[in-house]
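>
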Amino acid sequence: MEYRRLGESKLSVSAITFGAWAAGGWMWGGNDDQEAIDAMLAAYDLGITSIDTAPVYGQGKSEELVGKAIKDLPRDKVQILTKYGLRWDLAKGEFFFKSKDNSGKDIDVYRYAGKDSIITECENSLKRLGTDYIDLYQIHWSDKTTPIDETMEAILRLKEQGKIREAGVCNYDVSQMNIAAKTIKLAANQVPFSMVNRAIEDELIPYCIENRKAILAYSPLERGLLTGKMKPGQNFGEGDHRAGVKYFKDQNIERTNAFLAKIKPLADEKGATLGQLVIRWTINHPGITVALVGARNAEQSIQNAKAINIHINGEEMEFINNQLSDLEIIS
Ligand SMILES: NC(=O)c1ccc[n+]([C@@H]2O[C@H](COP(=O)([O-])OP(=O)(O)OC[C@H]3O[C@@H](n4cnc5c(N)ncnc54)[C@H](OP(=O)(O)O)[C@@H]3O)[C@@H](O)[C@H]2O)c1
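Per our numbering, residue 697 is the first one in the sequence shown, and the count goes up by one each step.
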């Protein structure tokens, strides 16, 4: 495995980090607890020492499963990345969206990053994770009802108390990062980035390179699409959010698969799967520090972890980028 430092912080994480959203089942049509734990442990055995989770993933479930998975691992050899700022148990802040929890019960998700709420959320996460500190603590989505400096003040207090090691953000734009930087030194920003979603290339990547901030790329497999396994007419199970996501429209699946067919010979030449080639392309991309990759079971997570053994040279990166320039995703 390769380990990369997050910006100018002291925290290093595995370049491929386990993403534990689907592990919590919520918005992914359910989960199997044991398979989720096995997936995390199989990843750890191959050097994936870092796990990204969030309270809202399964309304506590994902964090609890992470806690179970790491229970017998040496704490100082594992990095826990979790989040705050999305509440489903408190109607405060900015309404975000309606959803159903894993048992089918209606829930309302709010963006709320007020000071007291963060302190409570942190205590709850520590309990669920079975630990006394979080390595990287990230706001999940910005909350326009709370000034950014109030939020970051609370994070500073948690840092002083040793409850978190480093501060990060998710889904922040450059102006929000600049405001946060007045109160706290950020290590990283976690944002969507994949071969089919490169919106951050214009502003955020140049900013993070210049200001030495890490970028944690989320959904690098575009939620399974870039493994090449999706087919037009793809039938997602009940409660799987992918059914409503533009990348899974028939036309986009067709277009993406046509692109994947062009890079398949390169994957074959390297003895790699398409997913492995995609993950390596992601962590090779300038400005990208880490790929956060989700997996449902040990088989997927082993395959994903082994992407680290694939090497892509500059010419091959250019070849892939050239093929990508012909791919247009429709909204
Ligand atoms: N901060 C945020 O707002 C935010 C938002 C999204 C994600 N994230 C983070 O980023 C992580 C990764 O993103 P993601 O889970 O959305 O998407 P992803 O990593 O692009 O895709 C993960 C999904 O792809 C499928 N998959 C994974 N490996 C596979 C393999 N080897 N072969 C075949 N299928 C495979 C699995 O689903 P199926 O088997 O069901 O197809 C898996 O759940 C999340 O877990 C979370 O930690 C953060």
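Ideal placement from N, C-alpha and C gives every residue a C-beta, glycine not left out. The structure presented is a predicted model; accordingly, all values stated were derived computationally and were not measured.
Sort M723, I776 and A954 by Cα distance to A863 and report the nearest one.
I776
> With G715 and A1001 assumed to form a contact (beta carbons below 8 Å), what rounded beta-carbon distance in angstroms separates them?
About 12 Å separates the beta carbon of G715 from that of A1001, a gap too long to meet the 8 Å contact definition.
> According to DSSP, is S708 helix, strand or coil?
strand
> At a cut-off of 8 Å, is Y914 close to ligand 1 when judged by its beta-carbon and the heavy atoms of the ligand?
yes
> Are the CB atoms of D936 and W784 within a distance shorter than 9 Å?
no
> Report the option in N1005, E790, Q857 and L962 whose CA atom is closest to the CA atom of G1015.
Per the sequence shown, the amino acid found at residue 1015 is Phe instead of Gly. Here the closest residue by C-alpha is L962.
> When DSSP labels each residue in this structure, what does E899 get in the three-state scheme?
If DSSP states are grouped into helix, strand and coil, E899 belongs with coil.
> Measuring CB atoms only, is the stretch 983–996 touching the stretch 916–924, in the sense that at least three cross pairs come out at less than 8 Å?
Verdict: yes, contact present.
> Flag H836 as yes when its Cβ comes closer than 8 Å to any non-hydrogen atom of ligand 1, and as no otherwise.
For H836, the CB falls within less than 8 Å of some heavy atom of ligand 1.
> A994 and A735 look like a contact to me (Cβ under 8 Å); what is the Cβ gap, rounded to whole Å?
5 Å
> For L761 and R894, I'd like the C-alpha separation in whole angstroms.
31 Å
> Any heavy atom of ligand 1 closer than 8 Å to the CB of V709?
no
> Select from N727, E950, T827 and T879 the residue whose C-alpha is nearest the C-alpha of L852.
Nearest of N727, E950, T827 and T879 to L852, Cα basis: T879.
> Residues in its own chain within less than 6 Å of R824 by CB, not counting five upstream and five downstream?
G756, E759, E760 and G763
> Leaving aside the five residues before and after S1036 along the sequence, list all residues of the same chain whose C-beta is less than 6 Å from its C-beta, in chain order.
Residue 1036 lies beyond the stretch modelled for the chain, which goes from 697 to 1027, so this question has no answer here.
> Just grab the DSSP bridge partners of R700 for me.
V709
> If we call anything under 9 Å between Cβ atoms a contact, is R908 one with G920?
The answer is no: Cβ separation not under 9 Å.
> Pick from Q730, I1006 and E1012: whose alpha carbon is nearest that of I712?
Of the candidates Q730, I1006 and E1012, the one whose C-alpha sits nearest the C-alpha of I712 is I1006.
> From the DSSP output, which residues share a beta bridge with C977?
Looking at the sequence provided, one finds Trp at residue 977 rather than Cys. Bridge partners of W977: none, in fact.
> Check the C-beta distance from R689 over to G826 and give it rounded, since I have them as a contact under 8 Å.
This structure cannot speak to residue 689, because the chain is shown only from 697 to 1027.
> Contact between the stretch 840–855 and the stretch 795–802: three or more CB pairs below 8 Å?
no
> Measuring only the C-alpha atoms, how far is S813 from E846?
11 Å
> Measuring alpha carbon to alpha carbon, tell me which residue in A876, T978 and Y943 is nearest E1025.
Per the sequence shown, residue 1025 should be read as Ile rather than Glu. Checking every option, the nearest Cα to that of I1025 belongs to Y943.
> Leaving out five residues on either side along the sequence, give the residues of the same chain with a beta carbon under 6 Å from the beta carbon of G810.
T842
> Would DSSP call P770 helix, strand or coil?
coil
> The alpha helix (DSSP H) spanning T952 covers which residue range?
D946 to E965
> Considering only residues of the same chain and omitting the five flanking positions on each side of Y753, which have a CB-CB separation below 8 Å?
A716, W717, A719, G720, W722 and E759
> Can you tell me where the beta strand (DSSP E) with F1031 in it begins and where it stops?
Because the chain spans 697 through 1027 in this model, residue 1031 falls outside it and cannot be assessed.
> Taking the alpha-carbon positions, what's the N820 to D828 distance?
For the pair N820 and D828, the Cα-to-Cα distance works out to about 11 Å.
> Go ahead and label L786 buried or exposed: buried means 16 or more other beta carbons lie within 10 angstroms of its beta carbon, across all protein chains shown.
exposed
> Between I860 and the rest of its own chain, which residues show a CB-CB distance below 8 Å, the 5 nearest in sequence each way excluded?
C818, Y829, I830, D831, L832, Y833, I851 and L854
> Within 10 Å of its beta-carbon, does G971 have 16 or more other beta-carbons around it, so buried, or fewer, so exposed?
By the neighbour-count rule (16 or more Cβ atoms within 10 Å), G971 is buried.
> Within its chain, find whatever has a CB closer than 8 Å to the CB of G726; leave out the 5 residues flanking it on each side and keep chain order.
N798, G933 and G935
> Pick out the complete alpha helix (DSSP H) segments inside the stretch 721–764, 4 residues or longer, and give them in chain order.
729–741
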